[in-house]
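There are 2 protein chains.
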Amino acid sequence: MMDTPLTLVSLIERAEKYFSKKEVISRTHTGIQHFTYEEIGKRTRALASALKKLGVEKGDRVGTFAWNHHRHLEAYFAAPSMGAVLHTINIRLSPEHLTYIINHAEDKVLLIDIDLLPLIERVKDELTSVKAFIVMSDEKELPESTLSPLYSYEQLVSDGDENFEYATDIDENDPAGMCYTSATTGKPKGVVYTHRGIFLHSMALSMADTAAISESDRVMPVVPMFHANAWGMPFVSTMLGATQVLPGPMMTPQIIAEMIDKYDVTISAGVPTIWLGLLQELEKGIYDTSHLRAILCGGSAAPKSMIRSYETDFNIPFIHAYGMTETTPIVTLARLKSYQTDLSEEERLDIRSRQGTVVPGLDIKVVDENGDEVEADGEAMGELLIRGPWIADEYYKDDRTKDAFKDGWLYTGDVVTIDNEGSIKIVDRMGDLIKSGGEWISSVDLENTLMAHPAIFEAAVIAVPDPKWQERPVACVVLKPDKLATEAEVLKFLEPQFAKWWLPDKVVFMKEIPKTSVGKFLKRDLREIVNK
Amino acid sequence: MMDTPLTLVSLIERAEKYFSKKEVISRTHTGIQHFTYEEIGKRTRALASALKKLGVEKGDRVGTFAWNHHRHLEAYFAAPSMGAVLHTINIRLSPEHLTYIINHAEDKVLLIDIDLLPLIERVKDELTSVKAFIVMSDEKELPESTLSPLYSYEQLVSDGDENFEYATDIDENDPAGMCYTSATTGKPKGVVYTHRGIFLHSMALSMADTAAISESDRVMPVVPMFHANAWGMPFVSTMLGATQVLPGPMMTPQIIAEMIDKYDVTISAGVPTIWLGLLQELEKGIYDTSHLRAILCGGSAAPKSMIRSYETDFNIPFIHAYGMTETTPIVTLARLKSYQTDLSEEERLDIRSRQGTVVPGLDIKVVDENGDEVEADGEAMGELLIRGPWIADEYYKDDRTKDAFKDGWLYTGDVVTIDNEGSIKIVDRMGDLIKSGGEWISSVDLENTLMAHPAIFEAAVIAVPDPKWQERPVACVVLKPDKLATEAEVLKFLEPQFAKWWLPDKVVFMKEIPKTSVGKFLKRDLREIVNK
Numbered sequence: 001m002m003d004t005p006l007t008l009v010s011l012i013e014r015a016e017k018y019f020s021k022k023e024v025i026s027r028t029h030t031g032i033q034h035f036t037y038e039e040i041g042k043r044t045r046a047l048a049s050a051l052k053k054l055g056v057e058k059g060d061r062v063g064t065f066a067w068n069h070h071r072h073l074e075a076y077f078a079a080p081s082m083g084a085v086l087h088t089i090n091i092r093l094s095p096e097h098l099t100y101i102i103n104h105a106e107d108k109v110l111l112i113d114i115d116l117l118p119l120i121e122r123v124k125d126e127l128t129s130v131k132a133f134i135v136m137s138d139e140k141e142l143p144e145s146t147l148s149p150l151y152s153y154e155q156l157v158s159d160g161d162e163n164f165e166y167a168t169d170i171d172e173n174d175p176a177g178m179c180y181t182s183a184t185t186g187k188p189k190g191v192v193y194t195h196r197g198i199f200l201h202s203m204a205l206s207m208a209d210t211a212a213i214s215e216s217d218r219v220m221p222v223v224p225m226f227h228a229n230a231w232g233m234p235f236v237s238t239m240l241g242a243t244q245v246l247p248g249p250m251m252t253p254q255i256i257a258e259m260i261d262k263y264d265v266t267i268s269a270g271v272p273t274i275w276l277g278l279l280q281e282l283e284k285g286i287y288d289t290s291h292l293r294a295i296l297c298g299g300s301a302a303p304k305s306m307i308r309s310y311e312t313d314f315n316i317p318f319i320h321a322y323g324m325t326e327t328t329p330i331v332t333l334a335r336l337k338s339y340q341t342d343l344s345e346e347e348r349l350d351i352r353s354r355q356g357t358v359v360p361g362l363d364i365k366v367v368d369e370n371g372d373e374v375e376a377d378g379e380a381m382g383e384l385l386i387r388g389p390w391i392a393d394e395y396y397k398d399d400r401t402k403d404a405f406k407d408g409w410l411y412t413g414d415v416v417t418i419d420n421e422g423s424i425k426i427v428d429r430m431g432d433l434i435k436s437g438g439e440w441i442s443s444v445d446l447e448n449t450l451m452a453h454p455a456i457f458e459a460a461v462i463a464v465p466d467p468k469w470q471e472r473p474v475a476c477v478v479l480k481p482d483k484l485a486t487e488a489e490v491l492k493f494l495e496p497q498f499a500k501w502w503l504p505d506k507v508v509f510m511k512e513i514p515k516t517s518v519g520k521f522l523k524r525d526l527r528e529i530v531n532k
Numbered sequence: 001m002m003d004t005p006l007t008l009v010s011l012i013e014r015a016e017k018y019f020s021k022k023e024v025i026s027r028t029h030t031g032i033q034h035f036t037y038e039e040i041g042k043r044t045r046a047l048a049s050a051l052k053k054l055g056v057e058k059g060d061r062v063g064t065f066a067w068n069h070h071r072h073l074e075a076y077f078a079a080p081s082m083g084a085v086l087h088t089i090n091i092r093l094s095p096e097h098l099t100y101i102i103n104h105a106e107d108k109v110l111l112i113d114i115d116l117l118p119l120i121e122r123v124k125d126e127l128t129s130v131k132a133f134i135v136m137s138d139e140k141e142l143p144e145s146t147l148s149p150l151y152s153y154e155q156l157v158s159d160g161d162e163n164f165e166y167a168t169d170i171d172e173n174d175p176a177g178m179c180y181t182s183a184t185t186g187k188p189k190g191v192v193y194t195h196r197g198i199f200l201h202s203m204a205l206s207m208a209d210t211a212a213i214s215e216s217d218r219v220m221p222v223v224p225m226f227h228a229n230a231w232g233m234p235f236v237s238t239m240l241g242a243t244q245v246l247p248g249p250m251m252t253p254q255i256i257a258e259m260i261d262k263y264d265v266t267i268s269a270g271v272p273t274i275w276l277g278l279l280q281e282l283e284k285g286i287y288d289t290s291h292l293r294a295i296l297c298g299g300s301a302a303p304k305s306m307i308r309s310y311e312t313d314f315n316i317p318f319i320h321a322y323g324m325t326e327t328t329p330i331v332t333l334a335r336l337k338s339y340q341t342d343l344s345e346e347e348r349l350d351i352r353s354r355q356g357t358v359v360p361g362l363d364i365k366v367v368d369e370n371g372d373e374v375e376a377d378g379e380a381m382g383e384l385l386i387r388g389p390w391i392a393d394e395y396y397k398d399d400r401t402k403d404a405f406k407d408g409w410l411y412t413g414d415v416v417t418i419d420n421e422g423s424i425k426i427v428d429r430m431g432d433l434i435k436s437g438g439e440w441i442s443s444v445d446l447e448n449t450l451m452a453h454p455a456i457f458e459a460a461v462i463a464v465p466d467p468k469w470q471e472r473p474v475a476c477v478v479l480k481p482d483k484l485a486t487e488a489e490v491l492k493f494l495e496p497q498f499a500k501w502w503l504p505d506k507v508v509f510m511k512e513i514p515k516t517s518v519g520k521f522l523k524r525d526l527r528e529i530v531n532k
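The following block contains the structure:
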């Protein structure tokens, strides 16, 4: 067979050749803009030519610090297609971590959204590798800024070569992108994505039993483009010529709902907290979501009650998935097998509330502390290990590589059970499991049940030290606006569903649960707050 | 990213692990048999262990000479998964070509269907590399045969190791399979498939805009498993745990219709002549085909009238595709783009009668005799060139490699037009185009229109030498049973649709059109018959 490499160049060129009339709809600071793939294609080539003129060479890192919009999409293809590496930077990092990752990745150029300039200006004196800053805005005029040299994105694109020829010497194992993932302790850890990994991941996302993304889809990634490639949505959508709806800066549940309605979105993707927020917004009953064929949810476990609400109250199919920055990210999806469709509604919901089965191309196994595979009985807990062509094999220039990558497997740090259908269910993070009297209590199970309580908006369960039992669970609960509940009521709600010793010792009511930059519960901070 | 290779081992192991309860339904000489993937998995390992015991080593070729059934499926995975190469041999080859390809491939072991034994017995004294013959039959007892040493497939499987461990040292670029394609003149040419090529092709077949094959499908390949991997159906079906319905020896339109009905087939694949035959059978009106979501048709151009009949008369969606042995084989599929769904029924049918657009992962271009790309206007004709990771890059140990593989492209020998949507339409084979008075006439266009005539079952148009015009078209026509038509009537039917000089000089009525071993018109023979 021919040794044609699997590269991102072929994805953007496919959109240019075969889907030139299809659209990318982009929300920016000034409003909504429409572009055809023909226009996106030319602008992307022009951007690549500009980067080259600025001195970006093969293998150089190009950082982006931006929301979900067409310019970010152009950067997604311009940098890798000229042989450089797209480094998407989480806009919610602390100044210390921000400086660390830009210097650690040695970003040569930074593309920055105009409203995010102050965050980079604040750390600019600490940056050691950046040779040029590019401000992404709808105007060609440069804003006032302390960054230097500063270029206008639109000016560069307008001066650039829209017929620029992409690199032809890209090996499929060359790096195409990178993203840092926050660690529980210490600095963020860098993950490098190859052309091959992203290409295969794009194919996988279009497979019928995965997300089945097709040309006819209108895809809106709510998951940020600065996080794990927005779950690969921009790549697969471009490959297939799907319409992209990019929701721009400062997304709110209202903006998300409006865009789903107005632009006939067929599939969207994001973390549970996003969908929890949207659910409240949809309850207003003023949005048309009939064209929405799937909500893809991952990042952390979605409560079963939320899945039920989407499907029963709003007739929106909900696909529970699992992945992480290290895995490009899709690893598993919860779908019914054909012989499961006759089960009762509750049984089907149980299956679809799990994280699901591994997608074609990857391998998983679940091991106990001795490294032996646990029983596939849906009961035995173990750490999830993953292997495959879109799984990282190291942290970029980082000693912590040896803790997570062993014997050809990624050790995820996620504790799961696996059933006899091969479907996994996240029980907890390794550090979040609660060890009480020698037995394990799953914080995730308690949380998901708590979130089914009619008065509860979100809930996180953490371990507090206990002299007698070693650790005991404490529930941290945020109530819905205008709803009330007492500790006794909450515990009573849990009682029928758990063994007595699983019940939290205490219910702490709070206004908000601290979250990581990608919307996951920050249990470390929560433990500090509660233990104070 | 991890350098885990893309190999066929992962496909069969996936079926074993996650779809162990799903079924393979196999029609053999004695009747219908049902197997779970758990059973298929064990039998496949046992077969691999037996092959090893017979001396098959990494890279050795294992030939199969068989119909579509579960044993052939087991061989599809056993040989490649132990590091050997599956060589599927066309059962319709002449003794001379049969001997040639077995010796040329240096097959070490041959697996032969019991009813096909005589065909191998006839050439056995000419075979130079075969060390063992295995007869595939439902019984363990060996039949009378002059082949030696002869083993029983079922005995080998029953004595084999159902826990056999597959090879772990397979590189994704290692050969997994091979198939010879008949040449217009001379010996058949060998095509070698790699693990990587077949793996990627399997992913492509499951993509939403391709064949969207899923776990819930019940897949029946009518295209023979001895031809171009049965278009990859056995591989992708196993990868996804789809139910496989293998229609066995001596398929007739009646058997095909009965199996589609009885086993709730959702997707089937084959060449136009098969579907032409089935159409007549369906007209009996006694079959339930409501579950059939797609008929995949390729190998040669399907007449528009046939596509219309399937869709309007029987409500069976028809997907026109294009590929060849050298391309694993899927290259293009004709699907509507989302903005084409509002076109008139006739316009949509026109689009879907074309060969369609290239699937993700491959590149095509259409070039004139100077090698320049032709206009994408749907009018200009040129040769189709293909490139990509599941396209062959040579003929196995064959000097004719240099004629078909140039500058990294496969020169298909197919003349096509390409429109501004990137959709190709086969006009003719390079040698079958009719050059009349310095202009080209497409035999395929004439044929497809002829086959829309209510009395015509099939039609082939060939060039005959002409002293004045260089070449002139002659139509060879097979009438439907109990239907009549005259030459004048046939020409009158064509008249409104073609320029006058396109009309055939003569209509020859025949009982049957000679076909190749894979059901394509044998125009070379036809020319000899007509020119006699």
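Order-wise, the sequence lines are chains A and B. All the letters of the first sequence, read from the start, carry residue numbers 1 to 532 under this note's numbering. All the letters of the second sequence, read from the start, carry residue numbers 1 to 532 under this note's numbering. Just so it is clear, CB atoms sit at the ideal spot from N, CA and C, and this is done for glycine as well. From a predicted model like this one, the values you see are computed outputs, not experimental measurements.
Can you tell me which residues form a DSSP beta bridge with Lys425 (chain A)? Position 425 of the first sequence holds residue 425 (chain A). According to DSSP, Lys425 (chain A) bridges with A:Thr417.
Once DSSP output is grouped into helix, strand and coil, what is the label at Thr210 (chain B)? Residue 210 (chain B) sits at position 210 when you count from the first residue of the second sequence. Thr210 (chain B) falls in the coil class under three-state DSSP.
Interface partners of Ile213 (chain B) on chain A, CB under 8 angstroms: The residue you call residue 213 (chain B) lines up with position 213 of the second sequence. In chain order: Ala208.
Contact between the stretch 164–172 of chain A and the stretch 203–221 of chain A: three or more CB pairs below 8 angstroms? no
Between which residues of its own chain and Val508 (chain B) is the CB-CB distance below 8 angstroms, once the five residues before and five after are set aside? As a first step, residue 508 (chain B) is located in the second sequence; it is residue number 508 there, counting from the start. Excluding sequence neighbours, Val508 (chain B) sits near Val474, Ala475, Cys476, Val477 and Val530.
Return no unless some Cβ of chain B is closer than 9 angstroms to the Cβ of Glu375 (chain A). Working through the first sequence from its first residue, we reach residue 375 (chain A) at position 375. Closer than 9 angstroms: no.
Please report whether the beta-carbon of Ile351 (chain A) lies at a distance below 9 angstroms from any beta-carbon of chain B. Residue mapping note: residue 351 (chain A) aligns to position 351 of the first sequence, counting from 1. No, because no Cβ of chain B sits closer than 9 angstroms to the Cβ of Ile351 (chain A).
For a test of the three-state rule: what should DSSP assign to Gly569 (chain B), helix, strand or coil? Not covered by the structure: residue 569 (chain B). The range shown for chain B is 1 to 532.
Which of the three DSSP states, helix, strand or coil, is assigned to Glu495 (chain A)? Within the first sequence, the letter at position 495 stands for residue 495 (chain A). Here Glu495 (chain A) sits in helix by DSSP.
Whole runs of the alpha helix (DSSP H) within the stretch 70–148 of chain B, excluding any shorter than 4 residues: 70–81, 95–105 and 117–121
Spell out whether any CB of chain A is found under 9 angstroms from the CB atom of Phe77 (chain B). Residue 77 (chain B) sits at position 77 when you count from the first residue of the second sequence. Chain A contact via Cβ: absent.
Three or more C-beta pairs closer than 8 angstroms, one from the stretch 22–34 of chain B and one from the stretch 55–66 of chain B: is that the case here? no
Uninterrupted beta strand (DSSP E) stretches inside the stretch 463–490 of chain A (no shorter than 3 residues): 470–479
List the residues that DSSP assigns as beta-bridge partners of Ile316 (chain B). For the purposes of this step, residue 316 (chain B) is taken as the residue at position 316 of the second sequence. Beta-bridge pairing links Ile316 (chain B) to no other residue.
Do Val359 (chain A) and Met207 (chain A) have their CB atoms nearer than 9 angstroms? In the first sequence, counting from the first residue as 1, residue 359 (chain A) sits at position 359. In the first sequence, counting from the first residue as 1, residue 207 (chain A) sits at position 207. Yes, they are a contact pair.
I'd like to know whether the C-beta of Leu333 (chain A) is nearer than 9 angstroms to at least one C-beta of chain B. For this step, residue 333 (chain A) is matched to residue 333 along the first sequence. Judged by the 9 angstroms Cβ criterion, Leu333 (chain A) is not in contact with chain B.
Rounded C-beta distance between Lys187 (chain B) and Thr181 (chain B)? I'm assuming under 8 angstroms. Residue 187 (chain B) sits at position 187 when you count from the first residue of the second sequence. Residue 181 (chain B) sits at position 181 when you count from the first residue of the second sequence. In fact, because the Cβ distance is near 11 angstroms, the residues do not count as touching under 8 angstroms.
Quick test of your reading: Leu54 (chain B) and Ala132 (chain B), contact by CB under 8 angstroms. State the CB separation rounded to the nearest angstrom. Taking the second sequence and counting its residues from 1, the one referred to as residue 54 (chain B) is at position 54. Taking the second sequence and counting its residues from 1, the one referred to as residue 132 (chain B) is at position 132. Confirmed, about 5 angstroms.
Go through its chain and collect everything with a Cβ distance to Ala460 (chain B)'s Cβ below 7 angstroms, but skip five positions before and after it. Taking the first residue of the second sequence as position 1, residue 460 (chain B) is located at position 460. Same-chain partners within the cutoff: Glu447, Cys476, Ile513, Phe521, Lys523 and Leu526.
Kindly indicate which three-state DSSP category Asp332 (chain A) falls into: helix, strand or coil? Taking the first sequence and counting its residues from 1, one reaches residue 332 (chain A) at position 332. At residue 332 (chain A) the sequence reads Thr, which differs from the Asp that was named. Correct three-state label for Thr332 (chain A): strand.
Since Pro537 (chain A) and Arg293 (chain A) should fall inside the 8 angstroms C-beta cutoff, what is the C-beta to C-beta distance between them, to a whole number of angstroms? Since the first and last residues shown for chain A are 1 and 532, residue 537 (chain A) lies out of range.
I'd like the list of long-range same chain contacts for His104 (chain B), defined as Cβ closer than 6 angstroms, with 5 residues on each side in sequence excluded. The residue given as residue 104 (chain B) occupies position 104 in the second sequence. Once the five neighbours on either side are set aside, His104 (chain B) has no close Cβ partner at all.
Please check if any C-beta of chain A sits within less than 9 angstroms of the C-beta of Tyr18 (chain B). As a first step, residue 18 (chain B) is located in the second sequence; it is residue number 18 there, counting from the start. Yes, Tyr18 (chain B) counts as interfacial toward chain A.
Enclosing beta strand (DSSP E) for Asp363 (chain A) [first to last residue]: Numbered from 1 along the first sequence, position 363 holds the residue referred to as residue 363 (chain A). Asp363 (chain A) -> beta strand (DSSP E) spans Asp363 to Val367.
Please list the partners that Tyr547 (chain A) has in chain B, where partner means a Cβ-to-Cβ separation under 9 angstroms. What is shown of chain A runs 1 to 532, which leaves residue 547 (chain A) out entirely.
First through last residue of the alpha helix (DSSP H) which encompasses Val359 (chain B): Position 359 of the second sequence, counting from 1, holds the residue named residue 359 (chain B). No alpha helix (DSSP H) contains Val359 (chain B), which DSSP labels as neither H nor E.
Backbone CA spacing between Gly248 (chain A) and His69 (chain A) [nearest angstrom]: In the first sequence, the residue the question calls residue 248 (chain A) occupies position 248. In the first sequence, the residue the question calls residue 69 (chain A) occupies position 69. Looking at the two C-alpha atoms, the distance is approximately 5 angstroms.
Identify the contact partners of Ser216 (chain A) in chain B, using a Cβ-Cβ distance below 7 angstroms as the criterion. Looking up residue 216 (chain A) in the first sequence gives position 216. Going along chain B in sequence order, the residues near Ser216 (chain A) (Cβ under 7 angstroms) are Ser338.
Can you tell me the Cα-Cα spacing of Ile424 (chain B) and Asn315 (chain A), whole angstroms? For the purposes of this step, residue 424 (chain B) is taken as residue 424 along the second sequence, with counting starting at 1. For the purposes of this step, residue 315 (chain A) is taken as residue 315 along the first sequence, with counting starting at 1. Near 40 angstroms, if we compare the C-alpha coordinates of Asn315 (chain A) and Ile424 (chain B).
Same chain only: Cβ atoms within 6 angstroms of Ile101 (chain B), ignoring 5 sequence neighbours per side: Numbered from its first residue, the second sequence carries residue 101 (chain B) at position 101. Tyr180 and Pro188, listed in sequence order.
Lys483 (chain B): CB within 8 angstroms of a non-hydrogen atom of the ligand ATP: In terms of ligand content, the structure shown is empty, and the ligand ATP therefore cannot be addressed.
Proximity to Asn420 (chain B) [Cα-Cα], best of A:Met2, A:Leu410 and A:Glu16: Sequence index remark: in the second sequence, residue 420 (chain B) carries index 420 (1-based). If we check each option's Cα against that of Asn420 (chain B), A:Glu16 comes out closest.
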